[in-house]
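Residue numbers (this note's numbering): 40 to 346.
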């Protein structure tokens with residue numbers, strides 16, 4: 040299976056409005072509320088495309104119960120570790136583009152983390168791929184993803200890391216199979232400069248490959264053997280908050296496939312999947328027909344030699 044990890048799970052609330060004007064009141068046209076967090080969004084995309092996926096992470100309190108109930112209703116399997124604190128909420132306001140408000144999340148104790156690592160190691164025994172994504176809740180050390188990467192690799196699983204700040208920088212040293220920052224996260228971790236040069240500096244820190252999400256500019260995949268760039272078929276208007284999670288879902292599915300990793304096909308698939316999620320007002324949703332149509336429009340990129 041593919042195991043996705045959401046240490047800072049959230050109850051996502053999305054408001055659709057006609058326009059967003061500071062210092063004014065707004066009439067909300069539609070409200071969506073459901074389980075969220077980057078790993079949850081990755082799992083939703085994978086489940087909608089028929090992948091064998093399981094969600095784990097940390098939840099607690101009333102919001103945590105709502106997260107678990109929502110996933111149960113959606114038919115997406117999950118085994119969370121319990122914490123004493125109450126899981127966070129996020130609010131996304133969609134008015135053409137999206138404005139997102141992220142709560143920090145509850146504090147996690149050392150004992151709660153010890154128990155979760157035991158659960159995680161157990162789940163990794165049945166996982167071929169592990170996706171570690173999203174923010175760390177208060178109380179966890181910044182090397183938490185490095186610890187989980189080492190645990191997963193010890194059980195023979197391949198690892199995709201999608202994180203930011205110290206969680207990303209320290210996680211790289213545990214040698215995940217793919218690190219997937221966006222352009223801003225890449226700049227924070229590797230410093231300013233051309234994207235491919237920064238990605239190669241990140242590559243030198245430990246991961247086997249780096250894939251950079253660049254929004255409308257597409258994706259860049261970088262390995263020691265070369266690089267590949269792919270762009271979406273056209274500029275899209277919608278909710279981009281789940282687009283990076285769709286990229287992670289596509290790459291996880293490619294890692295899960297037997298045989299050599301096919302970089303051109305994997306990146307074209309990720310670009311199509313990402314574009315299809317932008318059209319949805321809610322992160323984690325994907326229109327399979329739009330995905331298939333975009334996949335026909337996106338050419339597999341040609342490799343470029345290392346610079």
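Ideal Cβ placement from N, Cα and C applies to all residues, glycine included. A quick note: this is a predicted structure, and the numbers were derived from the prediction, not measured.
Pick from the options that is closest to residue i, judged by C-alpha positions
i	options	result
residue 166	252, 198, 100	198
residue 34	144, 50, 177	Any answer about residue 34 is impossible in this case: the structure gives the chain only from 40 up to 346.
residue 340	229, 331, 258, 171	258
residue 262	302, 253, 77, 45	302
residue 123	132, 154, 94	154
residue 40	82, 209, 47	82
residue 66	114, 94, 115, 133	133
residue 141	148, 151, 135, 126	126
residue 55	314, 334, 211, 139	139
residue 57	307, 47, 69	69
residue 282	79, 237, 329, 310	310
residue 265	250, 169, 190	250
residue 314	285, 290, 103	285
residue 163	72, 146, 193	193
Cβ distance (whole Å) where residue i is taken to contact residue j below 8 Å
i	j	result
residue 234	residue 222	6 Å
residue 294	residue 217	7 Å
DSSP beta-bridge partners of residue i
i	result
residue 53	71, 131
residue 268	259
residue 197	168
residue 188	Partner(s): none; residue 188 has no beta bridge.
residue 87	DSSP, once it has assigned bridges, lists no residue as partnering residue 87.
residue 316	None; residue 316 has no bridge partner.
residue 343	266
Terminal residues of the beta strand (DSSP E) in which residue i lies
i	result
residue 172	168–172
residue 42	41–45
residue 252	249–252
Min CB distance residue i to chain D below 8 Å
i	result
residue 104	Absent here is chain D; the protein component of the structure consists of one chain.
Terminal residues of the alpha helix (DSSP H) in which residue i lies
i	result
residue 295	282–295
residue 334	327–336
residue 175	No alpha helix (DSSP H) holds residue 175; DSSP gives it neither H nor E.
Item to check | Unbroken stretches of the alpha helix (DSSP H), 4 residues or longer, contained in the stretch 89–157 | outcome: 100–113
Checklist entry - In chain order, which alpha helix (DSSP H) runs of at least 4 residues are fully inside the stretch 203–232? => result 204–211, 222–229
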